[in-house]
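All remarks here apply to the structure that follows.
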Amino acid sequence: MTTARWRVFAHDGKAVLTDLVFPGPGNLATSVYADGGSATILSLSVAAVR
11 MTTARWRVFA HDGKAVLTDL VFPGPGNLAT SVYADGGSAT ILSLSVAAVR
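When we follow the working numbering, the leftmost residue of the sequence shown carries the number 11, and every step to the right adds one.
Structural data, given as structure tokens:
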């Protein structure tokens, strides 16, 4: 993976975060967590970006 695009929607789309991530060589994993609270992932999609 050379580039990853993150798109996060929260509060029924009222809050949106889009970011590009440039991981180092050999980094194929990622993690998701809530800082200072809890969160529920209702939907998760992973697709190759070409």
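Just so it is clear, CB atoms sit at the ideal spot from N, CA and C, and this is done for glycine as well.
>> Based on DSSP bridge pairs, tell me the residues matched to V26.
In response: In the sequence shown, the residue the question calls residue 26 occupies position 16. The partner list for V26 (beta bridge, DSSP) reads F19.
> Thinking C-beta only, is V31 closer than 9 Å to A14?
Replying inline: As a working note, residue 14 is residue 4 in the sequence shown. As a working note, residue 31 is residue 21 in the sequence shown. Closer than 9 Å, so yes.
> When the Cα atoms are used, what is the spatial distance from A39 to D22?
Replying inline: Position 29 of the sequence shown, counting from 1, holds the residue named residue 39. Position 12 of the sequence shown, counting from 1, holds the residue named residue 22. Cα to Cα, A39 sits roughly 27 Å from D22.
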